[in-house]
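Just below is one structure, and these are the notes that go with it.
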Amino acid sequence: MTEADGNAAAGRKQLRRLETFLDVAYAVLFVDFIMYLPHTEDMAWTELPYGLLSLLIDDSANLLRLIIAVGLTLISWNLTHKLLGPLDRTNPRHTLLALLQLICVCLFLFFAIADPALESLSSPVGQCLSLALSGFIGIAGWSYARKNGLVRDDLSETEKDEVPRNAIIEPVTALLNTGFAFVSPGAWTAGWFVIPMILVSGRGRLERRRERARVGER
733 MTEADGNAAA GRKQLRRLET FLDVAYAVLF VDFIMYLPHT EDMAWTELPY GLLSLLIDDS
793 ANLLRLIIAV GLTLISWNLT HKLLGPLDRT NPRHTLLALL QLICVCLFLF FAIADPALES
853 LSSPVGQCLS LALSGFIGIA GWSYARKNGL VRDDLSETEK DEVPRNAIIE PVTALLNTGF
913 AFVSPGAWTA GWFVIPMILV SGRGRLERRR ERARVGER
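With the numbering used here, the residue at position 55 of the sequence shown is 787, and numbering never jumps.
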């Protein structure tokens, strides 16, 4: 085995270890979210009209934002694997970028659970900027991996181009939603649903327009 083959094998092993570590880290984050569900230890909910259901309804606004936070963390986890899936191996620099991406998601968790009622502007702004930075770091990691030959050989150039194109929606949504944080908590909450639909719809129209242009050129 040549030195290059040995380095490639070590890179593949390191990639598997990185993916396992990230999966465990995201699992810990999900457990942290569960701990912030409405507390039931004092049994006060037994005196409410609908019991546990009333407890959830009374705290519905915070519960909705907690659900959104869980969903966004799940999307970040999926984005991470979307960017790691096409790789053949990793190296120390690429691993560092992946870990920085995870650190940003942890910062998002801090802002999300520290102020679920969004009483401070720093909470929604911090959540948006953390997720945006995480996504852009992930895309930078993919670009670095592609430039340095860490991508699988069976991928075509078109497939390689599709990877960052499919990953850009999440960080752009987070970045744009930062502006809605200055409007109101309700606008900020709605932004997580409205902005990606607009971006996906706009990208679909743009791709159809490009396809018609290619057909016209033929």
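Each residue gets a CB set at the ideal place from its N, CA and C atoms; glycine is no exception. Small disclaimer: the values here were computed from a predicted structure and weren't measured.
Out of 842, 898, 843 and 853, state which residue places its alpha-carbon closest to the alpha-carbon of residue 867.
898
Inset, instruction - Under 8 angstroms by Cβ, that's how I've got residue 808 and residue 839 pegged, so tell me the actual separation to the nearest angstrom. - result: With 8 angstroms as the limit, residue 808 and residue 839 do not qualify as a contact, their Cβ atoms being about 11 angstroms apart.
Could you check which residue in 747, 876, 906 and 804 has the C-alpha nearest to that of residue 817? 747
Please classify residue 915: does DSSP put it in a helix, a strand, or coil?
Note: residue 915 maps to coil in three-state DSSP.
Check your understanding: Touch check for the stretch 870–877 and the stretch 818–833: three-plus C-beta pairs under 8 angstroms?
Key -> yes
Any heavy atom of the ligand HEM closer than 7 angstroms to the CB of residue 819? With respect to small molecules bound, the structure shown includes none, and the ligand HEM cannot be examined in it.
Margin query: At the level of alpha carbons, what is the spacing between residue 889 and residue 896?
Written below: 12 angstroms
Practice prompt. Kindly give me the distance between the Cβ atoms of residue 827 and residue 750, rounded to whole angstroms, as I take these residues to be in contact under 8 angstroms.
Written response: 6 angstroms
query = Around the C-beta of residue 941, are 16 or more other C-beta atoms found within 10 angstroms, so that it is buried, or is it exposed?
reply = exposed
- Item | Limits of the alpha helix (DSSP H) - the one that residue 883 falls within | Where residue 883 is concerned, there is no enclosing alpha helix (DSSP H), given that its DSSP letter is neither H nor E.
Notebook entry, point to check: In this structure, does DSSP put residue 819 in helix, strand or coil?
Noted result: strand
- Query: How big is the Cα-Cα spacing for residue 859 and residue 944?
  - Reply: 39 angstroms
ask   = Looking only at C-alpha atoms, which of 855, 755, 739 and 905 sits nearest to residue 813?
value = 755
When DSSP labels each residue in this structure, what does residue 876 get in the three-state scheme? helix
Checklist line | C-alpha gap between residue 887 and residue 920, whole angstroms | finding: Here the alpha carbon of residue 887 sits roughly 38 angstroms from the alpha carbon of residue 920.
Residue environment, residue 953, which counts as buried when at least 16 other CB atoms sit within 10 Å: With the chain running from 733 to 950 in the structure shown, residue 953 is simply not present.
Can you name, in chain order, every residue of its own chain whose Cβ lies under 8 angstroms from the Cβ of residue 796, other than the five neighbours on each side? 921
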